[in-house]
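Heads up: take any position in the sequence shown, counting from 1, add 1135, and you land on this note's numbering.
Below is one structure, written out as structure tokens; comments come after it.
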Amino acid sequence: MARPAPRPNFLSLAPYAHADLTAPPGVRRIQLAQNELALPASPAAIEAATRALADANLYAENGELRLMDAVAASERLEPSQIWCTAGSMEAIRLVTAAYLGPGDEAVTSAYGYLFFATAVQMAGAALVRVPECGLRPDIDAMLAAVTPATRIVYLVNPGNPTAAMVPASEVERLRRELRDDILLLIDAAYADFVTAHGYESGAALARAGTATLVLRTFSKAHGLAGLRIGWAVGPADVVDVLSRTNAQFTMAAPSIAAAIASLADRGHLAACLEATIAARSWTIDALTRIGFAPLPSETNFVLLPFERDGEPAPDDAAGAYAHLKREGIIVRPMRAYALDHCLRITIGTRSDMEAVVASLAGWRRAAN
Ligand code: PLP
């Protein structure tokens, strides 16, 4: 019997590998695998979403316009420079569909977010992944990878899974040296967690009218990952094209209500950032004290490499992962990024992180 034939580029998409988030039976689970906020969202946001549920029979009335206004006010931009979506993943898919097609190319750095590859493949285009230099995007190499077919350059800043930050001066240089007709898409999902000097999300480049689009999300610092909502900042002509791609109804009304309330609750955001950044510093110091070498982090996670005699030690990473899991602590192996000697650990509460450090210390004693 004949079956509908999907386009070949869809057939070759790798099936999504769901993370194993289970703990052994009877063991308390500490889930640190998905870079979510460890703390609950703003009570005002939860209340607004709950209230909106009472009207679940209705579409959100001009919800995206209300959210655009709220984001524009909070970012001091015009609503015409804001595009709202059901999370950054939807934004990445739609931007890619809008600007890339068969025969086109896009460039990203080796550890750019994995979903870029999926979006580019769905568009039938080709993605060039440029090796990084010391687990940081190599801006010169990215510029050298641009060809006449390049239409989009993707940059995650700060990076996932590396947690490294590219300074504003380097991002500005990247923009300056790219052709004006190439869209620079900066995924700044973790922007709120940056404490290092010299960072800027890229919104200044978008504000200045260059072809730069900066993706932000309510999933991380705002603690609304389950509600699937985000925004982007870009020049009005790019936003105009993009806003034609998602009509009006991809964002759920409770999500819109929660996002607007969360933006207004600045005190809650500040408290969550302070707690996360304090737990991050504590974790990096504590892991370093017991002989690990976690990478510096400007995000709400740390990348932890395992080495023996200066060489990558994937078996140690796998052993530590299994040891943590036996104790109910779920972190993320990095095989998908070809960093099998690393584990990525989301920053949880201080007591979660104390459990991680104690467990890794136990693994180390047993392994050596
Ligand atoms: N971009 C990066 C770099 C991420 O790490 C993630 C989630 O982990 C996302 C985007 C997903 O964002 P959203 O939840 O808004 O789709």
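Each residue gets a CB set at the ideal place from its N, CA and C atoms; glycine is no exception.
For the alpha helix (DSSP H) containing C1407, list its first residue and its last residue. As a first step, residue 1407 must be located in the sequence shown, where it is residue number 272. Segment R1401 to R1424, the alpha helix (DSSP H) holding C1407.
How would you write the range of the alpha helix (DSSP H) that L1229 sits in, first residue to last? To locate residue 1229, count along the sequence shown from 1; it is residue 94. Looking at the DSSP string, the run of the alpha helix (DSSP H) that includes L1229 is S1223 to Y1234.
Quick one: residues in its chain with C-beta nearer than 8 Å to the C-beta of R1186, no 5 flanking neighbours on either side, listed in chain order? Here the question's residue 1186 lines up with position 51 in the sequence shown. Excluding positions up to five away in sequence, the list reads A1392.
Around the ligand PLP, Cβ to any heavy atom closer than 6 Å, ordered along the chain: Going by the Cβ distance cut-off, the answer is N1170, G1222, S1223, M1224, Y1248, V1291, N1295, D1322, A1324, T1352, S1354, A1360 and G1365.
Judging by CA-CA distance, which residue of Y1472, P1449, T1484 and A1367 is the nearest neighbour of I1464? For the purposes of this step, residue 1464 is taken as the residue at position 329 of the sequence shown. Checking every option, the nearest Cα to that of I1464 belongs to T1484.
Closest by CA to A1473, which one among P1449, G1333 and A1226? For the purposes of this step, residue 1473 is identified with residue 338 of the sequence shown, where counting begins at 1. Ranking P1449, G1333 and A1226 by CA distance to the CA of A1473 puts P1449 first.
Please determine, among H1458, D1475 and A1502, the residue with the shortest C-alpha to C-alpha distance to V1162. Locating residue 1162 in the sequence shown gives position 27, where the first residue counts as 1. Answer by Cα proximity: H1458.
Within a Cβ cutoff of 8 Å, which residues of the same chain sit near E1199, ignoring the five residues on either side of it in sequence? One-based indexing of the sequence shown puts residue 1199 at position 64. Within the same chain, and ignoring the five residues on either side of E1199 in sequence, the residues whose Cβ sits closer than 8 Å to its Cβ are C1219, Q1383, M1386 and I1391.
Terminal residues of the continuous beta strand (DSSP E) containing L1350? Position 215 of the sequence shown, counted from the start, is the residue given in the question as residue 1350. Taken as a continuous stretch (DSSP letters only), the beta strand (DSSP E) holding L1350 covers T1347 to T1352.
Rounded to a whole number of angstroms, what is the C-alpha to C-alpha distance between P1283 and A1252? Translated into positions along the sequence shown, residue 1283 becomes position 148. Translated into positions along the sequence shown, residue 1252 becomes position 117. Rounded to whole angstroms, P1283 to A1252 spans 20 Å at the Cα level.
Curious, which full-length alpha helix (DSSP H) runs of at least 4 residues does the stretch 1320-1383 contain? Entirely contained in the stretch 1320-1383, the alpha helix (DSSP H) runs reaching 4 residues are, in chain order, 1338-1342 and 1371-1378.
For E1462, count the other beta carbons within 10 Å of its own beta carbon; 16 or more makes it buried, fewer makes it exposed. Which is it? One-based indexing of the sequence shown puts residue 1462 at position 327. Under this definition E1462 is a buried residue.
What's the C-alpha gap between A1324 and A1189? Against the sequence shown, residue 1324 aligns to sequence position 189. Against the sequence shown, residue 1189 aligns to sequence position 54. One C-alpha to the other measures close to 30 Å.
Grab me the residues of P1429's own chain with a C-beta within less than 6 Å of its C-beta, minus the 5 sequence neighbours each way, in chain order. The count along the sequence shown starts at 1 and reaches residue 1429 at position 294. Apart from the 5 residues on each side of it in sequence, P1429 sits with its Cβ closer than 6 Å to the Cβ of I1419, L1422, V1437 and L1439 in its chain, given in chain order.
Beta-carbon separation (whole angstroms), V1265 vs M1277, contact threshold 8 Å: Looking up residue 1265 in the sequence shown gives position 130. Looking up residue 1277 in the sequence shown gives position 142. Correct: roughly 5 Å between the Cβ atoms.
Going by DSSP, what residue range makes up the beta strand (DSSP E) through A1241? Here the question's residue 1241 lines up with position 106 in the sequence shown. First-last of the beta strand (DSSP E) with A1241: E1240 to S1244.
Which of the three DSSP states, helix, strand or coil, is assigned to F1427? In the sequence shown, counting from the first residue as 1, residue 1427 sits at position 292. Three-state DSSP puts F1427 in coil, outside helix and strand.
For the candidate residues R1286, C1268, A1279 and L1270, whose alpha-carbon lies nearest to that of A1261? To locate residue 1261, count along the sequence shown from 1; it is residue 126. For A1261, the nearest C-alpha among the options comes from R1286.
Since G1337 contacts V1306 with CB under 8 Å, what's their CB separation in whole angstroms? For the purposes of this step, residue 1337 is taken as residue 202 along the sequence shown, with counting starting at 1. For the purposes of this step, residue 1306 is taken as residue 171 along the sequence shown, with counting starting at 1. The pair is a contact, with the Cβ atoms about 6 Å apart (cut-off 8 Å).
Proximity below 8 Å, CB of V1466 to CB of L1174: Locating residue 1466 in the sequence shown gives position 331, counting from the first residue. Locating residue 1174 in the sequence shown gives position 39, counting from the first residue. No, the pair does not count as a contact, with Cβ atoms beyond the cut-off.
Beta-bridge pairing of R1479 - partner residues as DSSP gives them: Translated into positions along the sequence shown, residue 1479 becomes position 344. Paired residue(s): L1438 and R1467.
Inter-residue spacing [alpha-carbon to alpha-carbon] between N1381 and L1229: If you number the sequence shown from 1, residue 1381 lands on position 246. If you number the sequence shown from 1, residue 1229 lands on position 94. N1381 and L1229 have their C-alpha atoms spaced approximately 8 Å apart.
Given a threshold of 16 other Cβ atoms within 10 Å of its Cβ, counted over all protein chains shown, does S1361 qualify as buried or as exposed? Here residue 1361 refers to the residue found at position 226 when the sequence shown is read from its first residue. The amino acid at residue 1361 is misidentified as Ser; the sequence shows Gly. So G1361 ends up on the exposed side.
At least one CB of chain D closer than 8 Å to the CB of M1136: is that the case? The displayed structure is made up of one protein chain only, and chain D is not part of it.
Given a cut-off of 8 Å on the beta-carbon distance, is the pair A1452 and D1487 in contact? Along the sequence shown, read from residue 1 onward, the residue named residue 1452 stands at position 317. Along the sequence shown, read from residue 1 onward, the residue named residue 1487 stands at position 352. No, they are not a contact pair.
If I follow the unbroken alpha helix (DSSP H) through I1181, where does it start and stop? Mapped onto the sequence shown, residue 1181 falls at position 46. Where I1181 is concerned, the enclosing alpha helix (DSSP H) stretches over P1178 to L1188.
Would you mind stating whether V1492 and I1412 have Cβ atoms separated by less than 8 Å? For the purposes of this step, residue 1492 is identified with residue 357 of the sequence shown, where counting begins at 1. For the purposes of this step, residue 1412 is identified with residue 277 of the sequence shown, where counting begins at 1. Cβ distance not < 8 Å, so V1492 and I1412 don't count as in contact.
Going by the DSSP bridge assignment, what does E1213 pair with across the sheet? The count along the sequence shown starts at 1 and reaches residue 1213 at position 78. DSSP lists no beta-bridge partner residue for E1213.
In the DSSP assignment, find the beta strand (DSSP E) that holds T1253 and state where it starts and stops. Position 118 of the sequence shown holds residue 1253. Element bounds for T1253: not the beta strand (DSSP E) but the alpha helix (DSSP H), F1250 to M1257.
Could you name the residues of the same chain whose beta carbon sits closer than 8 Å to that of A1152, not counting the 5 residues immediately before and after it, in chain order? Stepping through the sequence shown from its first residue, residue 1152 is reached at position 17. Cβ neighbours of A1152 beyond the five flanking positions: A1471.
Which residues in the same chain have their Cβ closer than 6 Å to the Cβ of V1349, if we skip the five residues on either side of it in sequence? Start at 1 with the first residue of the sequence shown, and residue 1349 comes out as number 214. Setting aside the 5 residues that flank it on each side, V1349 is surrounded in the same chain by I1321, A1323, S1336, G1337, A1338, A1341 and V1368, each with a C-beta closer than 6 Å to its C-beta; the list follows chain order.
Residue span of the beta strand (DSSP E) that contains Y1456, given as start and end: Position 321 of the sequence shown, counted from the start, is the residue given in the question as residue 1456. For Y1456, there is no enclosing beta strand (DSSP E); the enclosing alpha helix (DSSP H) covers residues P1449 to R1461.
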